[in-house]
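Quick notes on the structure that follows.
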Amino acid sequence: MREVVVLGVGMTRFGKHPDKGLKELGTEAIWNAVEDANIPPKDIPIIYVANAMGQQLTELRGTIAQHVVSHAGFMGMPVINVENACSGGSTALRSCILEVASGNYDVAMAVGVEKMCIADTARSAAAMAFGTILGKFGFMFVGLYAMNLRRLMEKYGLTREHFAKVVVKNTKNGALNPYAQFRQPRTMEEILNSRVVSDPLTLLMCSTMADGGAAAIVTTRDKAAKYSSKTPITIAACELVSGTPTSADAVHVPIETRASRQAYEKAGVGPEDIDVVECHDAMAPAELLIYEELGLCGEGEAGRWIDEGKTEINGVVAVNPSGGLASKGHPVSATGLAQISEIVWQLRGEAGERQVPNAKIGMTENAGGWVMDDNAACAITILKK
Amino acid sequence: MREVVVLGVGMTRFGKHPDKGLKELGTEAIWNAVEDANIPPKDIPIIYVANAMGQQLTELRGTIAQHVVSHAGFMGMPVINVENACSGGSTALRSCILEVASGNYDVAMAVGVEKMCIADTARSAAAMAFGTILGKFGFMFVGLYAMNLRRLMEKYGLTREHFAKVVVKNTKNGALNPYAQFRQPRTMEEILNSRVVSDPLTLLMCSTMADGGAAAIVTTRDKAAKYSSKTPITIAACELVSGTPTSADAVHVPIETRASRQAYEKAGVGPEDIDVVECHDAMAPAELLIYEELGLCGEGEAGRWIDEGKTEINGVVAVNPSGGLASKGHPVSATGLAQISEIVWQLRGEAGERQVPNAKIGMTENAGGWVMDDNAACAITILKK
Amino acid sequence: METKLGDKFEGKKRVPVEEGLFHQPQATGEEPYLIAAKCKKCGFTDFPGTPVCPRCVEPGTMEEAHIGKKGKLETFSIVRSALPGFTSPSIQSYVKLEEGPVIWSLITGVEPSEDALKIGMDLELVISKVRDDEDGNEIISYQYQPVKGS
Amino acid sequence: METKLGDKFEGKKRVPVEEGLFHQPQATGEEPYLIAAKCKKCGFTDFPGTPVCPRCVEPGTMEEAHIGKKGKLETFSIVRSALPGFTSPSIQSYVKLEEGPVIWSLITGVEPSEDALKIGMDLELVISKVRDDEDGNEIISYQYQPVKGS
Ligand SMILES: [Zn+2]
Ligand SMILES: [Zn+2]
């Protein structure tokens, strides 16, 4: 298999775009990535597009990829629609990596695009909830996150203040990110006093629906030098797994742990080598669970980590310098490639005011869906300068 | 890249399955393929599932692949949802071939599954029509096929009788296929006298919606011998393309022609080498257009070909020995893998009463969707004994 | 169908099927047109217009073009089934526009019969109802009709 | 809410959220249960039951198992938003069933307040309404409620 690098990335600002549909959002992300990659567009021979909710929330009812890329001017090549709930963007990237690593093509483009802010918000909420079969029984994702965090409170004595600190950190980061939906730093008081959505989660701890697109163009190391003078960012691993059965008679290894172990092994690095992480904090305090699941901190240490600022931009390992999902907004299929974009900018040293000093190895964690008591999918990508 | 072979295939009968949803249909197809492949299920490390309309027509609103494969007992491995309208099944297969050819995995499973026969048939019809943006202007796929066939009538003098002859042939074949929705041979009179849906197309010329699933398991040639004593069927090519712009100032090459030329080149064979074809005749007479587009016959020869029985099971090249879409039914994302199943059975010599004598090289053509005046996707697969 | 007293709406609204797709005459003597995009570089024209030319695949070559007032019937079929709100039978067609592009369109203003339609006949653009929506509004779109006396 | 005279239906229908998921008592003294599947080979139990054990991954090992009459509250959250038809606030929980499996469920028959709920408290299965549908029918499902006096 050949070494694959990210040649270029691009995204739209996340948020409400009443004047833009999937085609317009996708087109903007695609052309931002093409410009960043400095590649002649006709050198892109294959495109994967991830979208999760277009069939339910927009007028496009199929072959959304082809509708989007033809709007952007790309026709004729293989175009493939993928979906993996919130992990769709990473899934598209994984496929593109395989196309290039295998020698099937020298270049491939992954796009993630989502339109969620429609007039009828009840439809958007239902599309989220009924992504799992449990939706019909009254299941809400926010309740699931709340229960997982409650377990953390009971087991390790974490408090609501710990949870709020994550949001303080991430909204401070997000305020520095021009692509973020929300650019207002929040205080402990604001966060703790905002409406309780599902105890211990308050409104300001939760990510919001958003419209948005993101894209990444990958190629071989040799080809990268031909196209662009920017630092090519090596994809050291991109591992996708699905959930496993849970049972009273066996320890259940979290999906993030399984995926990250595979990724560390493939990349030949350990959690201690990671400088910057974009993780899937659909509810910001879930970051604390993820620290442990990715092996960044030891068991029960997440509270101390956030207390000591270890995951700040200038900490031991910067987590969510982009602001994370709660600041950026969460257009589900675009999220994974927005995480990739952020890590690429960080490793290139292009992240401006939110630059993580001397970042050399970065990671994204992108989980999604809920099937049979586990996430439907989780993708971990490790990128190296 | 390594040589990839089909180890096993399986499908459900196509048709109305009021007691089965996507999970049940998918599970049946998967386990039929596993049994046919004689593979320990735990040796299947990655699964791609194609579905097009589940989000619109069933209670599953995302990660349909994970819902289906976990129902079948498969959890933990990478599971990827793909969609490419009626070409989804072939698209899933293409990805599985790449996983194995590249050395990423030694085995991969492609599944296509669709549930279309729901109580509210208007919803199914709308899901089909609004697959293209033109749906909102009143566009109907049947009208598109009718117009294309009308051009054939004007250009080469083809008649309604030619069109009906295709249906006579295919319903005769379908009557021999235990997996077909309709197993009744039809006469010229019945076909021509059935209700005109969109002149020159009558009801019996059109495929119907159906529920169904189909699956294929691929591996390397070496591994195949380890698992199964059945003849491994080599995948000589599996080429996917999307549509191209149409313009008054340039000749538009049909998508099927572009895809098949790529496939012939990759497989190192020509149309004259093909013994058996399963083609995408969503309206049966479209076969006549496809003969020419695939280069099976020369320009304007399709009428003579059907007149002379050249595409009968015992003809020069058997086309749609399975009965084609109009006999089998057309559960869109399952269709491509049902075509693959049929060709595998034909090349193995397992097709029973509808066996094409001495079939050595087979081909599937699987097109779908409509974007900017061309099909959204077309996949051509060439299989060799 | 006339609006009855007691209807939810005083009168039916006329809602374009999509914004930015066609120009609907506002004053007498004004003519409708389709809002397409044309490539300054290669002449490729598409309707509905896209922002990037799919032949040149570079930004900034497409400009708005007003086309489609006249065309000729390239091929058609009378379709005897329809989605809710649409009329059946309908005449579905490809229309070759004066400016070159061949576009899909419904044909209106003529009986849906083989005898009333001739390949090559002159057509003109009209903006008129394609369907009623669930609220009783008229959804209007571009359609073509035979030129009177042609 | 009682059925009013003039309602479209004489009485509300009670419709199970899904067939084959639970047993609803038909006679006095009968108890409800969940219809799960248990692996004869490895003991893995899942609800809703699937036809193939995801640990053994071979056909023919799963058999129907009637479980879930009793359980304990493993964890919960009071959720203050809901989809149309559902009640807000709701108590969402994980319930550890006597037979081993931990399943997601709504909690009913108790105030949605932190004080009324204790981790580890005894729960019992009830089949009752989870929402009203658009036609005014009651959609019923499995839920858990605190055991009286526990
Ligand atoms: Zn151009
Ligand atoms: Zn078992």
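Residue numbers (our numbering), protein chains in the order written: chain U, 21 to 405; chain D, 21 to 405; chain H, 3 to 152; chain L, 3 to 152.
Where a beta carbon is used, it is the ideal one built from N, C-alpha and C, also for glycine.
Requested in this report: Report the residue ranges of all beta strand (DSSP E) runs contained in full by the segment 62-109 of chain D; include only those spanning at least 3 residues, in chain order.
Outcome: 67-70 and 99-103
List the residues that DSSP assigns as beta-bridge partners of residue 414/D.
-> Because chain D is modelled from 21 through 405, residue 414/D falls outside the range shown and cannot be assessed.
Tell me the DSSP secondary structure of residue 107/L in three-state form. Locating residue 107/L in the fourth sequence gives position 105, counting from the first residue. Residue 107/L: strand per DSSP, three-state reduction.
ask   = Are residue 53/D and residue 237/D closer than 8 Å when you measure CB to CB?
value = Within the second sequence, numbered from 1, the residue matching residue 53/D stands at position 33. Within the second sequence, numbered from 1, the residue matching residue 237/D stands at position 217. At the C-beta level, residue 53/D and residue 237/D come within 8 Å of one another.
Legend entry - 8 Å contact criterion, which residue 199/H and residue 112/H should meet: CB distance rounded: Absent from the model: residue 199/H. The displayed extent of chain H is 3 to 152, so no value can be given.
Own chain residues within Cβ distance below 8 Å of residue 142/L, not counting five before or after:
Counting from one through the fourth sequence, the residue named residue 142/L turns up at place 140. Hits under 8 Å: 16, 17, 18, 19, 26, 129, 130, 131 and 132.
To which residues does DSSP link residue 94/L through a beta bridge? Numbered from 1 along the fourth sequence, position 92 holds the residue referred to as residue 94/L. According to DSSP, which records beta bridges pairwise, residue 94/L is partnered with 79/L and 108/L.
Task: Option in 369/D, 37/D and 337/D with minimal Cα separation from residue 251/D - done: If you number the second sequence from 1, residue 251/D lands on position 231. Of the candidates 369/D, 37/D and 337/D, the one whose C-alpha sits nearest the C-alpha of residue 251/D is 369/D.
- Item | Beta-ladder partner(s) of residue 386/D, from DSSP | Along the second sequence, read from residue 1 onward, the residue named residue 386/D stands at position 366. Answer is 399/D.
Under 8 Å between C-beta atoms of residue 160/U and residue 95/L: Taking the first residue of the first sequence as position 1, residue 160/U is located at position 140. Taking the first residue of the fourth sequence as position 1, residue 95/L is located at position 93. No, the Cβ-Cβ distance between residue 160/U and residue 95/L is not below 8 Å.
Checklist entry - Beta-carbon separation of residue 349/D and residue 233/D under 8 Å? => result Looking up residue 349/D in the second sequence gives position 329. Looking up residue 233/D in the second sequence gives position 213. Not in contact: residue 349/D and residue 233/D (Cβ atoms no closer than 8 Å).
inquiry  = Only counting the same chain, and skipping five residues up and downstream in sequence, which positions put a Cβ closer than 6 Å to that of residue 195/D?
reply    = In the second sequence, residue 195/D corresponds to position 175, counting from 1. Within the same chain, residue 195/D has close Cβ partners 203 and 205.
Where does the unbroken alpha helix (DSSP H) through residue 348/U begin, and where does it stop? Position 328 of the first sequence holds residue 348/U. 344-348 is the extent of the alpha helix (DSSP H) around residue 348/U.
Does the distance between the C-beta of residue 46/H and the nearest non-hydrogen atom of ligand 1 fall short of 7 Å? Walking along the third sequence from the start, residue 46/H turns up at place 44. Checking the Cβ of residue 46/H against ligand 1 gives yes.
Can you tell which of 337/U, 28/U, 240/U and 134/U has the C-alpha that lies nearest to the C-alpha of residue 231/U?
Residue 231/U sits at position 211 when you count from the first residue of the first sequence. Residue 134/U is the option with its Cα nearest to residue 231/U.
Between the C-alpha atoms of residue 11/H and residue 31/H, what's the straight-line distance to the nearest angstrom? To locate residue 11/H, count along the third sequence from 1; it is residue 9. To locate residue 31/H, count along the third sequence from 1; it is residue 29. Residue confidence is low: residue 11/H scores 47 on pLDDT, short of 50, so the model does not pin down where it sits. Its coordinate-derived value is still stated next. If I take the Cα positions, the gap works out to 30 Å.
query: For ligand 1, any of its heavy atoms closer than 7 Å to the Cβ of residue 57/H?
result: Counting from one through the third sequence, the residue named residue 57/H turns up at place 55. At least one heavy atom of ligand 1 falls within 7 Å of the beta-carbon of residue 57/H.
Worksheet item: Of all Cβ atoms in chain D, is any one closer than 8 Å to the Cβ of residue 52/L?
Response: On the fourth sequence, residue 52/L is found 50 positions in, with the first residue counted as 1. Judged by the 8 Å Cβ criterion, residue 52/L is in contact with chain D.
Check: Of all the CB atoms in chain D, is at least one closer than 8 Å to the CB of residue 88/H?
Finding: As a first step, residue 88/H is located in the third sequence; it is residue number 86 there, counting from the start. Yes, residue 88/H lies at the interface with chain D (some Cβ there is under 8 Å from its Cβ).
Report yes or no: is there a C-beta of chain H within less than 8 Å of the C-beta of residue 28/U? Your numbering for residue 28/U matches position 8 in the first sequence. With 8 Å as the cut-off, residue 28/U does not count as an interface residue toward chain H.
- Query: In its own chain, which residues sit with a C-beta less than 7 Å from the C-beta of residue 274/D, not counting the 5 before and 5 after it?
  - Reply: Position 254 of the second sequence, counted from the start, is the residue given in the question as residue 274/D. So the list reads 313, once near-sequence residues are dropped.
- Query: Can the beta-carbon of residue 295/U be found closer than 8 Å to that of residue 337/U?
  - Reply: Here residue 295/U corresponds to residue number 275 of the first sequence, with the count starting at 1. Here residue 337/U corresponds to residue number 317 of the first sequence, with the count starting at 1. For residue 295/U and residue 337/U, yes; Cβs fall inside 8 Å.
Check your understanding: For the segment 319-332 of chain D against the segment 277-289 of chain D, are there 3 or more C-beta pairs whose distance is under 8 Å?
Key -> no
8 Å contact criterion, which residue 90/U and residue 102/U should meet: CB distance rounded: As a first step, residue 90/U must be located in the first sequence, where it is residue number 70. As a first step, residue 102/U must be located in the first sequence, where it is residue number 82. Residue 90/U to residue 102/U, Cβ: 17 Å. No contact.
Is the shortest distance between the beta-carbon of residue 306/D and the beta-carbons of chain H less than 8 Å?
For the purposes of this step, residue 306/D is taken as the residue at position 286 of the second sequence. For residue 306/D, no Cβ of chain H is located within less than 8 Å of the residue's own Cβ.
message = Here's the rule: buried if 16 or more other CB atoms are within 10 angstroms of the residue's CB, otherwise exposed. What is residue 74/H?
response = The residue labelled residue 74/H in the question sits at position 72 within the third sequence. The residue in question, residue 74/H, is buried, as its Cβ has 16 or more Cβ neighbours within 10 Å.
Discussion item. Please state whether the Cβ-Cβ distance between residue 257/D and residue 111/D is less than 8 Å.
Written reply: Stepping through the second sequence from its first residue, residue 257/D is reached at position 237. Stepping through the second sequence from its first residue, residue 111/D is reached at position 91. No, these two residues do not count as a Cβ contact at 8 Å.
Worksheet item: Do you know how far the Cα of residue 93/H is from the Cα of residue 114/H?
Response: Sequence index remark: in the third sequence, residue 114/H carries index 112 (1-based). Sequence index remark: in the third sequence, residue 93/H carries index 91 (1-based). Roughly 6 Å between the two C-alpha positions.
(Q) Going by beta-carbon coordinates alone, are residue 59/U and residue 247/U separated by less than 8 Å? (A) Reading the first sequence from its first residue, position 39 is the one you call residue 59/U. Reading the first sequence from its first residue, position 227 is the one you call residue 247/U. Cβ atoms of residue 59/U and residue 247/U: closer than 8 Å.
Straight-line Cα distance separating residue 106/H from residue 24/H
Position 22 of the third sequence, counting from 1, holds the residue named residue 24/H. Position 104 of the third sequence, counting from 1, holds the residue named residue 106/H. Cα to Cα, residue 24/H sits roughly 14 Å from residue 106/H.
### Nearest neighbour of residue 52/L, chosen from 45/L, 42/L, 38/L and 58/L [CA to CA]
Taking the first residue of the fourth sequence as 1, we reach residue 52/L at position 50. Among 45/L, 42/L, 38/L and 58/L, the Cα nearest to that of residue 52/L is on 38/L.
Check: Would a check of beta-carbon distances place residue 115/H closer than 8 Å to chain D?
Finding: Against the third sequence, residue 115/H aligns to sequence position 113. For residue 115/H, the answer is no, since every Cβ of chain D falls outside 8 Å of its Cβ.
inquiry  = Which of the three DSSP states is assigned to residue 69/H in this structure?
reply    = Here residue 69/H refers to the residue found at position 67 of the third sequence. Residue 69/H: strand per DSSP, three-state reduction.
**Asked** Using a C-beta cutoff of 8 Å, does residue 103/L count as contacting chain U?
**Response** Taking the first residue of the fourth sequence as 1, we reach residue 103/L at position 101. Judged by the 8 Å Cβ criterion, residue 103/L is in contact with chain U.
For residue 21/U, which option in 96/U, 174/U and 120/U has the closest C-alpha, if you only look at C-alpha atoms?
-> Here residue 21/U corresponds to residue number 1 of the first sequence, with the count starting at 1. The shortest Cα separation from residue 21/U among 96/U, 174/U and 120/U belongs to 120/U.
field: Cβ neighbour criterion (16 or more within 10 Å) applied to residue 33/L
entry: Sequence index remark: in the fourth sequence, residue 33/L carries index 31 (1-based). With fewer than 16 Cβ atoms within 10 Å of its Cβ, residue 33/L is classed as exposed.
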